[in-house]
Structure formats: structure tokens, C-alpha cells
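Beneath this line is the structure, given in C-alpha cells, with notes to follow.
Protein chains: 4
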Amino acid sequence: MKGKVCLAYSGGLDTSCILRWLLDEGYEVVCFLANVGQEEDWDAVQAKAKKIGATKMIILDLRREFIEQLCFRAVQCNAQYEGRYLLGTSLARPVIARAQMRVAQDEGCDFVSHGCTGKGNDGIRFELAFLAIDPKIQVIAPWRIPEFYNRFQGRNDLLDYADATGIPVTSTKAKPYSMDDNIAHCSYEAGALEDPSIPPPDDMWTRTVDPQAAPDEPVDIALLFEKGLPVKLRVGDKEYTDSLELFVALNEIGKRAGIGRIDIVENRFIGLKSRGCYDSPAMTILRLAHLDAESLVMDGKVRSLRDQFVTHHWSELLYNGLYFSPEREFVENSLVFCQRRVNAEVRLRCYKGSVSVLGRSSETEKLYSSEEASMDSLVDFSPVDTTGFININAIRLKKYGMQKAEEGQSLSKA
Amino acid sequence: MKGKVCLAYSGGLDTSCILRWLLDEGYEVVCFLANVGQEEDWDAVQAKAKKIGATKMIILDLRREFIEQLCFRAVQCNAQYEGRYLLGTSLARPVIARAQMRVAQDEGCDFVSHGCTGKGNDGIRFELAFLAIDPKIQVIAPWRIPEFYNRFQGRNDLLDYADATGIPVTSTKAKPYSMDDNIAHCSYEAGALEDPSIPPPDDMWTRTVDPQAAPDEPVDIALLFEKGLPVKLRVGDKEYTDSLELFVALNEIGKRAGIGRIDIVENRFIGLKSRGCYDSPAMTILRLAHLDAESLVMDGKVRSLRDQFVTHHWSELLYNGLYFSPEREFVENSLVFCQRRVNAEVRLRCYKGSVSVLGRSSETEKLYSSEEASMDSLVDFSPVDTTGFININAIRLKKYGMQKAEEGQSLSKA
Amino acid sequence: MKGKVCLAYSGGLDTSCILRWLLDEGYEVVCFLANVGQEEDWDAVQAKAKKIGATKMIILDLRREFIEQLCFRAVQCNAQYEGRYLLGTSLARPVIARAQMRVAQDEGCDFVSHGCTGKGNDGIRFELAFLAIDPKIQVIAPWRIPEFYNRFQGRNDLLDYADATGIPVTSTKAKPYSMDDNIAHCSYEAGALEDPSIPPPDDMWTRTVDPQAAPDEPVDIALLFEKGLPVKLRVGDKEYTDSLELFVALNEIGKRAGIGRIDIVENRFIGLKSRGCYDSPAMTILRLAHLDAESLVMDGKVRSLRDQFVTHHWSELLYNGLYFSPEREFVENSLVFCQRRVNAEVRLRCYKGSVSVLGRSSETEKLYSSEEASMDSLVDFSPVDTTGFININAIRLKKYGMQKAEEGQSLSKA
Amino acid sequence: MKGKVCLAYSGGLDTSCILRWLLDEGYEVVCFLANVGQEEDWDAVQAKAKKIGATKMIILDLRREFIEQLCFRAVQCNAQYEGRYLLGTSLARPVIARAQMRVAQDEGCDFVSHGCTGKGNDGIRFELAFLAIDPKIQVIAPWRIPEFYNRFQGRNDLLDYADATGIPVTSTKAKPYSMDDNIAHCSYEAGALEDPSIPPPDDMWTRTVDPQAAPDEPVDIALLFEKGLPVKLRVGDKEYTDSLELFVALNEIGKRAGIGRIDIVENRFIGLKSRGCYDSPAMTILRLAHLDAESLVMDGKVRSLRDQFVTHHWSELLYNGLYFSPEREFVENSLVFCQRRVNAEVRLRCYKGSVSVLGRSSETEKLYSSEEASMDSLVDFSPVDTTGFININAIRLKKYGMQKAEEGQSLSKA
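Residue numbers (my numbering), protein chains in the order written: chain A, 1 to 414; chain B, 1 to 414; chain C, 1 to 414; chain D, 1 to 414.
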């Protein structure tokens with residue numbers, strides 16, 4: 001025997017063939033599947049893995065770990081990749097990879113394997129995690145091994161192999177695009193979506209209704225943040241304080257209101273552009289709520305530095321699979337630090353595809369003061385100070401104006 | 001006579017009293033009003049200024065200059081202050097200040113004056129512009145002059161003064177908040193809005209209908225960008241290519257669909273937090289469309305650097321009134337450079353408060369390739385390269401993992 | 001009596017006149033002088049303050065606090081303002097201001113006062129600190145009070161006043177420039193130095209000999225860092241581990257070798273350019289040593305982010321007097337975090353104006369490996385991986401090349 | 001025949017063996033050598049290539065292109081990698097790669113080849129350039145081809161091969177480190193230098209004398225910059241205005257004064273740390289002179305943004321071989337823009353290992369004003385303005401102080 005492999009197994013055609021192929025190649029295989037909140041018939045996957053020949057099929061519920069350690073951190077960060085993508089898949093990868101490595105260690109595997117291709121982000125994300133967690137681990141990525149990818153050049157080759165080796169196949173027809181589902185979002189890419197000028201099919205979205213099909217009545221909610229973390233959701237007279245329940249409830253509210261669909265072209269780590277569609281209801285609502293909470297209670301300069309430094313880099317690092325890196329740890333340390341006083345409640349309205357803020361307040365934080373903000377009040381404020389402030393700031397600008405005038409480009413010209 | 005003043009005159013109670021007061025103080029006053037697309041009875045303002053005693057009342061149409069030089073630059077920049085505010089007021093200030101200074105020069109004024117208070121951003125924005133444009137100009141800011149602000153301590157003092165000096169007053173009741181209107185947006189702040197926990201009154205918004213009151217039918221549009229600038233809008237079988245007409249048409253479409261309302265707490269330049277509401281339909285649609293156009297045709301690394309450097313700083317500089325500064329010029333030079341190839345058409349759907357992308361395409365740009373993006377195609381791509389890419393990227397990460405293990409914090413622990 | 005003032009008193013002509021003037025104005029005055037390592041006849045200052053009329057003269061030794069909390073933090077940060085200035089004065093201000101405020105509180109003062117002018121950085125640095133520490137404190141800055149600065153328009157006015165009020169004057173001749181001395185450096189500015197094209201007088205420098213006058217023999221030393229902090233200095237067979245003794249010894253070594261002179265034009269916070277000369281021997285040596293220690297033991301990406309984010313902003317914040325600010329605290333939190341593993345010894349050579357590295361090593365850190373770095377060794381390294389790394393990185397670049405060619409700007413043209 | 005290869009040929013043992021091996025493998029080989037200012041017996045290289053079997057040996061003088069397009073750009077940028085390295089090798093690579101690709105195109109080669117290993121930066125730099133310049137070019141990197149590197153596992157294997165194939169060998173003994181020489185610097189790495197705790201051998205440095213051996217008399221020079229570019233060097237009564245002559249003269253001056261040695265540990269692109277020594281006299285002097293010129297004539301805020309954005313990223317991009325990239329072009333556009341007014345003369349003193357500034361002046365630029373900088377002059381300056389400036393800046397800081405006090409961490413505590 002060549003050794004023992006821990007394979008990330010989803011029960012689908014690809015990883016079923018990989019499982020079979022690894023066995024053919026002389027490996028013993030322990031299958032692993034992470035429950036990160038996707039829709040799945042867990043028993044069926046279990047049975048299928050065993051039927052094909054896996055020594056074990058281990059399924060772990062990582063939902064709480066995923067929400068608390070990754071999704072909520074992203075919320076604290078207002079994380080967004082390239083201005084729009086909420087990172088649903090990127091956030092799940094570190095949690096899955098880490099659990100797979102724990103299984104590999106527990107089961108005494110020298111190898112880990114997965115069904116990702118060489119062109120996408122996920123193979124990179126998984127393997128950078130594997131190698132950081134255990135530099136000695138050996139990775140088998142069949143879709144990057146010539147003898148594998150040359151043999152299986154399309155879905156039909158896989159179907160033939162499944163047929164020949166007795167792998168049960170539920171559908172012989174490929175979906176028109178590929179999906180990846182977790183509690184943070186569902187992603188859709190490839191296939192029919194590869195032409196970015198064509199809208200996705202109406203029936204594609206699974207985590208949100210069409211905004212046009214959403215109820216005519218808005219739903220109002222309130223989210224309470226402590227240290228930048230969502231700790232309470234109020235909807236009508238219901239309250240959710242458990243992180244998992246809160247997240248699930250928000251997903252449900254967002255789904256019904258059609259909140260969180262995006263359709264983008266993004267830049268993959270390897271430098272290719274690709275088109276992706278994502279619906280992430282809870283994350284969309286949480287991000288706006290957190291952004292608004294911060295606006296009330298966070299110092300403006302800290303916020304500006306944080307936006308430039310933490311938000312931008314954390315998002316990019318997560319997207320590129322660099323969760324297990326010293327730079328992510330470095331950036332995240334700053335993030336957590338700046339959230340110490342992000343204590344506020346934000347009330348929001350969910351309605352037909354969008355979420356908007358109704359109001360915000362904080363019981364403990366006092367950076368906002370109506371009195372001070374008021375244009376009419378002069379308590380503790382001397383308007384003459386502003387004159388000095390302007391004049392000092394203008395010292396440099398006057399010189400600039402004179403320089404431009406000297407260059408014949410008077411600033412007064414439109 | 002003390003000299004000649006060019007006063008930014010709106011026709012309202014404040015600047016009418018300032019006009020009168022300046023005359024009382026022995027100045028000659030030329031009034032100036034910029035047409036930046038606000039709703040106004042221009043003739044009435046004209047008549048009122050003359051009646052009170054202005055030597056002249058000059059009204060200039062700056063709408064095209066405002067749209068082309070400021071609003072479209074903001075679109076190219078995906079400009080946003082603190083993650084949400086589209087800078088409507090900030091964008092108008094440089095154009096207004098510059099025109100006022102041209103008037104001051106043409107009319108031989110030694111002084112310029114305005115009705116802004118010492119606590120807001122606008123006085124700072126105006127004066128930094130004035131002083132950069134002409135370092136010798138003298139500014140009279142009555143709301144920062146003790147003898148003025150001590151004398152007029154509230155609206156009633158102004159009303160009394162108006163009564164005593166024969167200034168016509170249209171309404172003796174103050175609005176419950178203050179508004180600033182231009183073609184990019186209308187802003188609402190102060191007064192009843194100073195409590196950030198209370199939603200604004202339903203009847204406040206002037207530039208958008210309530211999303212709930214918007215038509216049940218979505219409106220689909222297409223925006224064509226050349227060098228990052230919107231050059232064509234298609235709506236049904238209508239096309240708009242003139243910048244002003246395009247902008248007005250977008251405002252109308254957005255208004256009817258309830259697009260572009262935001263309600264935020266923001267950090268003013270002087271460091272106070274204040275609550276502001278803004279509705280900016282055209283700008284909201286244009287920003288998303290441009291963001292999407294860029295995603296198709298702009299290199300990912302350039303985009304990442306631009307986001308960190310240009311978008312962040314340009315937005316902050318504009319907000320803080322630093323348009324006429326060497327740093328704005330420096331940053332904007334980069335902005336224009338990176339837009340050379342932002343040529344794409346984006347199709348969008350406007351519906352009940354939100355705008356979403358239907359698709360995007362470019363006739364000239366080729367950074368996106370379906371063939372290359374495709375997970376199935378191996379044309380010009382060797383999956384083995386990804387293995388090398390991963391292994392090299394992992395060199396550093398493996399060391400990190402070993403270091404953490406040595407510290408007793410194995411990365412495999414959740 | 002108008003109240004009690006805590007005055008920063010140096011014993012010089014300026015602050016002696018301010019002391020007298022405050023008494024004349026009806027204040028009770030407690031004088032305060034910080035010992036931050038400057039050369040001073042402490043007893044003489046004490047006696048003079050009392051003679052003029054101070055209620056008390058309090059002198060506090062802040063040297064250790066200054067070195068450990070500020071200078072060593074700057075070393076950890078590789079702090080430099082505008083690429084050259086090591087911030088000697090800026091670092092001392094927070095420590096002095098904080099101690100002065102403690103004295104003010106202990107003595108029940110409602111006012112603090114200082115002798116800084118309105119054009120420099122120091123008045124701003126002191127007062128931003130005062131106001132952050134106690135928002136209720138009232139500041140008396142005579143050089144910004146018209147009745148004071150109009151009365152005392154030059155040194156002669158002060159001398160006349162001293163003469164009239166019996167203030168002892170040691171020298172009636174002004175120095176040709178002003179100096180500020182502390183353990184980190186001595187600064188020289190103004191007066192004869194205001195023409196930046198003329199070198200400073202040879203006899204100006206107090207903390208370093210002229211490199212040309214330095215011994216012909218180099219001095220070799222070793223500095224040990226733990227968590228980025230200098231914990232041991234070895235010179236010949238002497239060792240210094242006490243922070244104050246280590247710093248003093250380094251200053252002495254650097255002084256004799258002529259290390260640490262700089263002569264720059266810098267941008268003051270208020271936007272004016274000014275010329276400053278500084279000699280800071282210990283800080284110059286420590287900065288290079290720390291930079292070198294980091295190169296051996298700090299991850300490259302963390303370092304790159306830290307350089308951009310922490311080093312740049314911390315230096316600028318300190319220069320601008322924003323030590324007591326949430327953003328400094330935010331940035332410094334990152335700084336401390338990234339120093340956890342900066343454990344290394346650096347050996348250096350001091351010789352006639354410059355310091356150079358002889359070698360570095362670490363007993364605990366292993367990021368550097370001769371084996372891995374070696375071009376000859378292929379242990380744990382597959383050269384083929386680099387091919388993949390290159391090819392993947394080239395995906396984006398190939399598209400760029402094609403785009404340029406299409407634009408008629410082939411990249412092969414020089 | 002397999003095709004035609006353009007080989008970067010140095011005349012050394014490695015590339016001589018590669019040349020022979022390529023011929024053995026059935027390729028036709030055109031050799032190319034760039035003259036970037038290194039010491040070389042050009043005729044000997046020419047003869048050797050021909051003797052071994054090259055079809056052609058093409059030598060191009062790229063010195064002027066190298067200095068003007070790369071070295072001077074680095075000077076404008078104050079470029080430095082990781083705070084110290086002046087990028088000598090990194091700057092040469094784009095120029096060499098571009099010329100090699102021109103030769104390959106002119107000679108009708110389908111392949112380019114070089115003798116770099118898989119662990120260093122240079123192979124990456126060359127190939128990223130090759131592939132950007134011509135996406136269709138095929139690269140042969142023997143040191144990353146298993147059949148080559150397994151066959152030639154050390155210097156002895158190469159010597160045996162040379163012996164067997166009649167390649168002339170000048171020395172059978174390897175140097176104790178490897179060197180790379182160009183007009184900007186000489187680099188030394190590997191071999192005996194791989195232990196970073198040991199100083200390099202005294203006789204290693206080729207471009208500088210030992211500071212201790214430098215003359216006791218300093219040399220004073222003056223450098224004139226226009227638009228940030230060095231346009232004139234004055235030394236005594238000699239003037240150099242030709243870029244190549246100016247650079248050579250500076251190298252000579254710096255060499256004799258022992259200026260420009262550095263010994264560092266750096267982070268290679270692939271993530272390994274390595275130790276490198278570099279002596280770059282002209283670049284060291286030019287960098288300081290330019291930094292000083294900028295301090296006199298560049299706006300402070302532009303400078304701060306430029307430092308963060310341009311200097312940092314341009315240096316990192318060049319180091320990582322990303323010269324031919326859209327992001328380098330983007331960043332460099334900013335760089336050139338901000339140099340428009342960098343017109344100044346800087347006088348410097350070169351003495352025993354260091355260079356220091358004697359003074360600076362500008363005939364055209366006026367941002368510096370002795371009058372304004374003067375603490376004594378109140379022309380155009382009202383000290384009261386500074387009070388306002390402080391008070392406004394303190395608004396935010398007071399709130400911070402109150403927040404800390406409330407947390408029980410009074411800012412007055414040391």
C-alpha cells in the first residue's frame with residue numbers, strides 16, 4: 001500500500017471518481033466532509049463513500065466554528081473583496097482545511113487530497129492551509145496530475161469510469177454551472193456563467209428569492225454589537241443570542257427579502273478574471289449593520305487607517321487563501337484591537353433586495369453627541385477656533401495656488 | 001466704505017441677514033449664486049438680493065462643469081467617504097468656490113463671504129478653496145465673528161433683524177432640518193436629525209421616492225464607459241450621450257425607483273461626528289456601473305493599489321475640502337491614468353431601492369476571457385504550474401506553521 | 001488671584017519673563033522642569049524660579065520613562081520622519097507633557113503654560129497632549145497672546161523687562177540658533193540656520209564630534225534585542241543591561257565616533273518648511289541595529305505591511321504631536337505585536353560618522369536558514385516549482401504585454 | 001534541429017556548460033551579453049562563445065539606457081528595498097531582459113535561456129520580463145530542468161563536462177561567493193556569505209575601498225536636479241552633465257571615499273531569506289542628494305503619500321521582477337508626476353564611508369521661505385490661528401482622553 005489519504009469527499013461525481021482512483025492507485029482512503037451549513041443528505045454521502053471503498057467517512061459539524069471564528073471576524077472587518085464580494089467561500093476554506101488536517105492527524109494519514117482544479121482559488125486555499133498546518137503533509141491534487149487529468153478530460157470520462165467501477169451516479173447530466181454552498185452563502189460559477197454579459201438564470205439562486213418576488217411588507221430588525229460582534233438579533237418580539245441561531249435567522253429573513261445577491265467579475269489569485277455569482281443574505285445584513293455601528297462609536301482617524309490597512313488587506317489575504325499566515329495574524333490583531341468599543345445597536349429594514357438603516361444607538365459609547373454636533377450650540381465650542389484651523393491648513397495650499405499661478409494654471413480657471 | 005465683498009447668497013434668511021449686515025457694516029456687496037442643479041426660483045433670489053441692497057446679483061450655471069469635472073471624476077474613482085457617502089456636497093464645493101472667486105476677481109472684490117457656521121465642513125471647504133485660489137483674498141465668515149454670532153443667537157434674532165430692516169421673509173417657521181440640494185444629491189442634517197437613533201421623517205427625501213412606493217416593474221438600463229467616463233445611457237430605445245442629459249435622466253430613473261438613499265453618522269473634518277441623510281440616485285447607479293465596468297477590464301493588481309491609494313485618499317481629500325491641493329492633484333493624476341482602458345458597457349436593473357448588474361461586456365478590452373476562466377479548458381494552461389505556485393507560496397507559510405507549533409499554538413487547533 | 005498655573009520653566013530668558021509676567025497678571029505659578037537627559041544646572045534653575053517668584057519649582061527625572069516608553073518604541077518601529085529625522089524632540093514631548101499634567105493635578109492648577117511660539121511644532125505637541133490628558137485644563141500660551149507678543153517683540157524687549165523686574169540674566173547675547181537637548185538628541189534650528197544652503201557652524205554640534213575628528217580606530221559593539229527591545233549592549237568586555245545605562249553608553253560611543261548628525265529641511269505640522277539639525281548618536285545606532293535584527297527574524301510580508309502602515313504612520317503621528325490619540329494607540333498595538341519574535345544579536349562597527357553591520361544571529365529564531373538560502377542545496381526544494389510560480393505570475397503580465405503591443409507600445413522597445 | 005535559442009551568456013563556467021548542453025540537445029544557439037557596466041574582457045567572451053559553438057555572440061552596450069531609464073528612476077523614487085538595499089541587480093534585469101528579447105526577435109529565436117537557479121530572484125525577474133514582452137516565447141532554464149540539474153550536481157560535474165567537451169576553463173577553483181557586477185553596484189552572495197553572523201572577507205568589495213582606507217580628506221560635491229533627475233555634478237572645478245559620465249564620476253568619488261557598502265539579510269520573492277552584500281557608491285550618494293532636494297521643494301503631504309504609495313511599492317515591484325507590469329507603470333506614472341518641480345542643488349561631503357549634506361538651494365522653487373520659517377517673524381502669520389488649529393485638532397483627542405479615563409486608564413499615568 002502506498003499510504004493513507006484523507007480525502008475531502010463531497011459525494012459528487014468528481015470526488016467519487018477521485019476516491020475510486022486513489023484506491024485503484026493503492027492508497028487507503030479516509031473520507032472527510034465538513035458541515036459548514038450546506039444543504040446535504042449526510043447519510044447518503046456516508047453510505048456512498050463506504051460503498052466505493054473508503055475506510056472511514058468522517059463528517060464534522062463546523063458551523064459554529066465557521067460563524068464565530070471566520071464569518072464574525074469578516075463582519076468586524078467590513079470585509080469585501082474588490083468592493084463587493086463578501087468572501088463566503090474564502091471564509092469557509094480555512095475552517096474546512098484545518099478540520100481535514102485534524103482528521104488526517106487523528107487517522108494517521110500521510111496524504112491529503114481534494115477535488116479542486118488548478119485554475120481556481122480553492123485548491124490554492126486548501127493547500128496553503130494544509131502546508132502551513134503541517135509542512136510535512138503530502139498533497140494529492142488529481143486535477144493537477146497529468147495522468148489523471150489527461151485520462152479524465154470531461155464529464156463523460158468520469159461517467160464512464162463511474163459506470164465501469166460501480167460508482168452510483170444520481171444524475172448523468174451536469175448542472176449548467178458549479179455551486180458551492182455554506183451557511184455564509186452559495187456561490188455559482190463556470191459553465192453557463194462564463195459569459196459575463198448574460199444574466200444568470202432566474203432559477204439559479206438558492207439562498208434568496210428574487211427581490212421582485214419578495215413580500216411587499218418590509219421586515220424591521222435590530223442587531224446589537226458588542227466589541228464589534230453581533231450578540232443579539234431582535235425581530236418583532238423574538239430575540240436570538242446564540243451565534244448560530246442568530247445567523248440562521250438572519251439568513252432566513254434575508255432570503256425572504258431577496259437580500260444579498262451579487263454578480264461580479266473578480267480577479268482570482270492566479271491572475272485570471274472569472275465571473276462569480278453569490279447570494280449571502282446574513283452576511284450582507286451584518287456587514288451594513290456593523291458598518292453603521294462603527295460610524296457611531298469609532299474614532300474617525302482610527303477608522304480611516306483601519307479601512308486602508310486592515311479591511312483591504314484582511315479581505316485580500318482571505319481571498320487568496322492566506323488565512324494561515326503571519327500577515328493575517330498581524331492584520332487581525334489590529335482588527336480585534338479596534339473593535340474594543342464597538343458597542344451599539346443598529347435597527348434595519350429589509351425590503352425587496354435591499355437593507356437600509358433605520359437608526360443606531362449605544363448605551364455605553366459617547367463619541368457621538370447631539371449637543372456637540374448641533375450647528376446651533378456653541379457649548380464648549382468657539383467658532384473662532386475654526387478660523388485658525390482654516391488659516392493654518394491653508395498655509396500649504398496658498399503656496400500651491402501661487403505655484404500654479406506662476407505655472408500659468410491659475411486655480412480659478414474651470 | 002470698507003471695501004467690496006462677494007457674498008455667496010442663497011436668498012434664505014441667513015444669507016439675507018448677512019447681506020444686510022455687511023451693508024450696515026459699510027461694505028459694498030456683490031451677491032453670487034451658483035446653479036449646481038438645485039431647485040430654485042432664480043428670479044426671486046435675484047430680486048431679493050437687489051431689494052436688500054446688493055450692487056449686483058450674479059447667477060452662474062455650473063451644472064456641466066460640476067458633472068464633468070467633479071461628479072464624473074468621483075465615478076471614475078468609485079469615491080465614497082467612510083464606506084457609504086457619495087460626497088454630493090463635497091463635490092459641489094470646489095466648483096462653487098472657484099466660480100465665486102472668478103466673480104470676486106471680475107468685480108474687483110477684496111473680500112468674499114458666506115453663511116456657513118464654524119462647526120460644519122462647508123465653511124472649511126469654501127475657505128480652503130478661496131485661499132488656495134487667491135492667497136490675498138480676505139474672508140468674512142460672520143458665523144465665526146463674535147459680534148455677529150453673539151448678536152444673532154437664534155432664528156428669532158434673525159427674524160427680528162429681518163423685520164427691522166425690511167428683509168422679505170417667506171416663512172417664519174424654520175424647517176425641522178437643513179437641506180443642501182444640487183444635481184448630485186440632496187443632503188439633510190441638523191435639527192430633528194440630530195438624534196441618530198430616530199429615522200428621518202418620511203416626507204424628508206426630495207430626490208427619491210420611498211422604495212416601497214416605487215413601481216412594481218423594474219427599469220433596465222445600459223451605461224457605456226469610455227476611459228472610465230459614462231458616455232452613453234440607454235433606457236429602452238432612448239439614448240443619452242450629453243453628460244448633463246445623461247445625468248438628469250439617471251436621476252429621474254433612480255428617483256422613481258427609490259435608489260440612492262443613505263442615512264449615516266459621519267466624521268466631520270473638525271473631528272465631530274454628525275448625522276447626515278443623502279439621496280443621490282444618479283451617483284449611486286453610476287458608481288455601481290463603473291465598479292462593474294472596471295472589474296471586467298482593469299488589471300487586478302492595479303485595482304488593488306488604486307483602491308488603497310486613490311479611492312481612499314481622493315474621497316477623504318474631497319470630503320475635507322482639499323480639492324485645491326497638491327495632494328489631490330497628485331492622486332487624481334493616478335486616477336486618470338488607470339482609467340485609460342476602462343471601456344465597457346454595463347447593463348443594470350433598477351428596482352425598489354436597489355440597483356443590480358445584469359451583465360457587462362467590452363468591445364475593445366480583452367483581459368477577461370471565457371476560455372481562460374473556464375475550469376474545463378487547459379488551453380495555454382498547465383495545471384502543474386499551480387503546484388509550483390502553491391509550493392513556492394508555501395515556503396514562508398511552512399515556517400510560520402513550525403514557529404506556531406513551537407510556541408505551542410498548533411495551527412490545527414480550532 | 002486669577003488662579004494657579006503650572007509653567008514649563010527652563011530657567012532661560014523666555015520662560016523667566018513668562019514666569020514674571022504670569023505673576024504680574026495675578027496668577028500663582030508652580031514651575032515644572034522635566035529632566036529628560038539634557039545638560040542643566042538643576043540647582044540654578046531651582047533657585048532662579050524661586051527668586052523670580054514661583055511658589056514651587058518641581059524637577060522630575062523622566063529619563064527612564066522617556067527611554068523605555070518612547071525611545072525604545074521608536075527603535076522597535078524603525079521610526080523616521082520624512083526618511084531621516086529620528087524624532088528626538090517629538091519623542092520627549094509626550095513624556096514631558098504628561099508629567100507636567102501630573103504636577104498640575106497634584107498642585108491643583110487650573111492652568112498650564114509654556115514658552116513655545118505659534119509657528120513651531122512643540123506648542124502643538126504640548127497642548128494636544130494637555131487637552132487629551134485633561135479636557136478641562138486651560139492653556140496659557142503667551143507667545144500666542146497678542147498683548148504678550150506685541151509687548152515683547154524681540155530679545156531686547158525681554159532683556160529690558162528682565163532688567164526692570166530683577167530677573168537674573170546670564171548672557172545678554174542671544175545664541176545664533178536655538179537648541180533643544182535631551183538624552184535622545186540635541187536639536188538646532190532657527191536663527192543662523194534659517195538659510196538652508198549654508199552648513200551649520202562647526203562648533204554647533206554638542207552630542208557628536210566631527211567625524212573627521214573621530215578616532216582612527218573603529219569601535220565594535222554588539223546589541224541584543226528581545227521582542228524588539230534592546231536588552232544588552234556589549235562593548236569590549238563591558239556589558240550594559242540597564243536601559244538607561246545602555247542608552248548613555250551608546251550615546252558616548254556614538255559621540256566619540258561622530259555618529260548621528262543630520263541636517264534636513266522638514267515639513268512642520270502647520271505646513272511650513274523649516275530647517276533642522278539634529279545629532280542623535282544612540283538612536284542612530286539602535287535604529288540600524290534593530291532594522292538588521294528584524295531582517296533576520298521577521299517574516300517578509302509582515303515586515304512589508306508594517307513598513308507601510310506602522311512605521312510611516314507612527315512616525316508621522318509622533319512628529320505631529322498625536323501621541324495621546326486613539327490612532328497612535330491603534331498603530332502601536334500592531335507594532336508591539338509584530339515584535340514578539342524579534343530576538344537577535346547584531347554586531348556593529350562605529351567609525352568616523354557611520355555605523356555598519358558586522359553580523360547578526362539569533363539563538364531562538366529560525367526563519368533564516370543557510371541550508372535553504374543556499375543556491376546549491378536542493379533539500380526540501382524542487383526547482384520545477386519555480387517554473388510554476390513564474391508561469392502563474394506571468395498570466396496577468398502576458399495580457400499586459402499583449403495590450404501594450406496592441407497599443408503600439410511593444411514592451412521590447414527601450 | 002529543435003530550434004534557435006537566445007542564451008544569456010556571461011563567459012563563465014555555468015553558462016559555457018549550458019551553451020554546450022543546448023548544442024548537444026540539438027538547438028542552435030545565439031549568445032547574448034549585456035554591457036551594463038560590469039568589468040569584462042568582452043573579446044574573450046566573444047571568442048569563447050564562438051569556440052564552444054554559438055552561431056553568434058552579440059554584445060550590446062546598455063549602460064546609458066540602464067542609467068537613464070532605471071537607475072535615475074530609482075533615484076527619483078528614493079527606492080530602497082526593505083529599508084536598505086538600493087536594488088542594483090533588480091534595476092539591471094529589465095534592461096537586460098528587454099535587450100535579450102530584442103536579440104531573440106531579430107535573430108528569429110523561439111527560445112530564450114539563462115543560467116539562473118530556481119531559488120534566486122533573477123530567474124524570476126528575467127522570465128517574468130520575457131513572458132510579458134512576448135507571451136509566446138519559450139524559456140529554457142536548465143537549472144530548473146531535472147535532467148540538467150540532476151546531471152550537474154556541483155561545480156565538479158561542470159568542470160568534468162567542460163573538460164570532456166573542450167570548454168576552456170580559466171580557473172578550476174570556485175570563488176568563495178558569487179558576484180554580480182553592473183554600473184549601479186556589485187552584489188555578493190552565497191557560499192561563504194551564507195552565514196549571516198560572519199562579516200564578509202575584507203578583500204571582497206570591488207566597488208568601494210574600506211572606509212578606514214579612504215583618504216583623510218573629505219571630497220565636497222554638488223548635484224543639480226531637474227524634475228528629480230540629476231543633470232549636473234560639480235566636483236572642484238569639474239562639471240559633468242552627461243548622465244553616463246556623471247554616474248561614472250560619482251562611482252569613482254564614492255569608491256575612493258568608501259561609500260555605499262551594505263550587508264543585509266533580505267526576503268527573496270519566493271519567501272526565503274538570504275544574505276546579500278552590495279556596494280553601490282553612486283546610487284548611495286544620488287539617493288541622499290535627491291531625498292534632500294525633495295525636502296526643500298516638495299509639498300509635505302504629497303511627499304507623505306508618495307512615500308507610502310510610490311516608494312514602497314515601486315521598490316518592491318522592482319525587487320520582485322515586476323518591472324514589465326501594469327502596476328509598475330501605474331505607480332511610476334505617479335512618481336514622474338510628483339517630480340515636476342524637484343529642481344534644486346544639493347551640496348554634499350563624502351568622507352570615509354558616509355555622505356552628508358552641506359546645504360541645498362533652488363533657483364526656481366519657493367516652498368521654503370526663511371521669512372516664514374522664522375520663529376521671530378510674524379509677517380503673514382497670526383499666532384492666534386495656531387490656538388484655533390490646536391483646539392480643533394483636540395476635539396477628537398479630548399473624547400479619547402475621557403474614554404480612557406472612564407476605562408480607568410487615565411492618560412496622565414506613565
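A virtual CB, placed ideally from N, CA and C, is assigned to each residue, including glycine.
Query                                                                                                       : Result
Beta-carbon neighbours of Ala-192(A), restricted to chain B and to distances below 8 Å                      : Within chain B, no residue comes near Ala-192(A); the closest Cβ sits about 11 Å away, beyond 8 Å.
N-terminal and C-terminal residue of the beta strand (DSSP E) that His-185(B) is part of                    : 185-189
Contacts of Glu-127(A) in chain B (Cβ-Cβ under 8 Å)                                                         : Ile-390 and Ala-394
Supposed close pair Thr-311(D), Cys-77(D) - CB separation, criterion 8 Å                                    : 6 Å
Under 8 Å (Cβ pairs) to chain B, residues found in the stretch 359-371 of chain A                           : Gly-359, Arg-360, Ser-361, Leu-367, Tyr-368, Ser-369 and Ser-370
Distance between beta carbons of Ala-222(D) and Met-283(D), contact taken as under 8 Å                      : In fact, because the Cβ distance is near 18 Å, the residues do not count as touching under 8 Å.
Contact check, Asn-121(C) vs Phe-269(C), beta carbons under 8 Å                                             : yes
Proximity winner among Gly-271(C), Lys-4(C) and Asn-333(C), relative to Ser-137(C) (alpha-carbon distances) : Reading off the sequence shown, one finds Ile at residue 137(C), where the question assumed Ser. It is Lys-4(C) whose Cα lies nearest to the Cα of Ile-137(C).
Limits of the unbroken alpha helix (DSSP H) element including Tyr-278(A)                                    : Not the alpha helix (DSSP H): Tyr-278(A) falls in the beta strand (DSSP E), residues 273-279.
Straight-line Cα distance separating His-114(B) from Ile-140(B)                                             : 7 Å
Coarse secondary structure for Lys-232(C), derived from DSSP in three states                                : strand
Selection of the stretch 314-333 of chain D by Cβ proximity to chain C, strictly under 7 Å                  : Glu-316, Phe-324, Ser-325 and Pro-326
Selection from Leu-244(A), Glu-406(A) and Ala-54(A) that minimises the alpha carbon distance to Gly-37(A)   : Leu-244(A)
Whether Asn-35(D) touches Arg-63(D) by CB criterion (8 Å)                                                   : yes
Which of helix, strand or coil DSSP assigns to Arg-396(D)                                                   : helix
8 Å contact criterion, which Ala-344(B) and Phe-247(B) should meet: CB distance rounded                     : About 19 Å separates the two Cβ atoms, so there is no contact after all.
Selection of the stretch 333-349 of chain C by Cβ proximity to chain A, strictly under 8 Å                  : Asn-333, Ser-334, Phe-337 and Cys-338
Closest Cα partner of Asn-182(C) within the set Met-402(C), Arg-360(C), Ala-92(C) and Glu-266(C)            : Ala-92(C)
Identity of the residue in Ile-124(D), Pro-135(D), Ile-52(D) and Arg-144(D) nearest Leu-378(C) by Cα        : Arg-144(D)
Leu-33(C) Cβ short of 7 Å to the ligand COA heavy atom set                                                  : With respect to small molecules bound, the structure shown includes none, and the ligand COA cannot be examined in it.
Any C-beta of chain C under 8 Å from that of Lys-119(D)                                                     : yes
CB contact below 8 Å: Val-302(C) versus chain A                                                             : yes
Own chain, CB closer than 7 Å to Gly-401(A), minus 5 neighbours either side, in chain order                 : Leu-411
Tyr-177(A) (DSSP reduced to helix, strand or coil)                                                          : coil
Three-state class that DSSP yields for Phe-330(D) in the structure shown                                    : helix
Complete runs of the beta strand (DSSP E) confined to the stretch 107-144 of chain A [at least 3 residues]  : 111-113 and 138-140
Boundaries of the beta strand (DSSP E) in which Gly-359(C) is found, first to last residue                  : 354-361
Between the CA atoms of Gly-11(D) and Lys-175(D) - distance to the nearest angstrom                         : 15 Å
Strand pairing of Met-57(C), partner residues [DSSP]                                                        : Cys-31(C)
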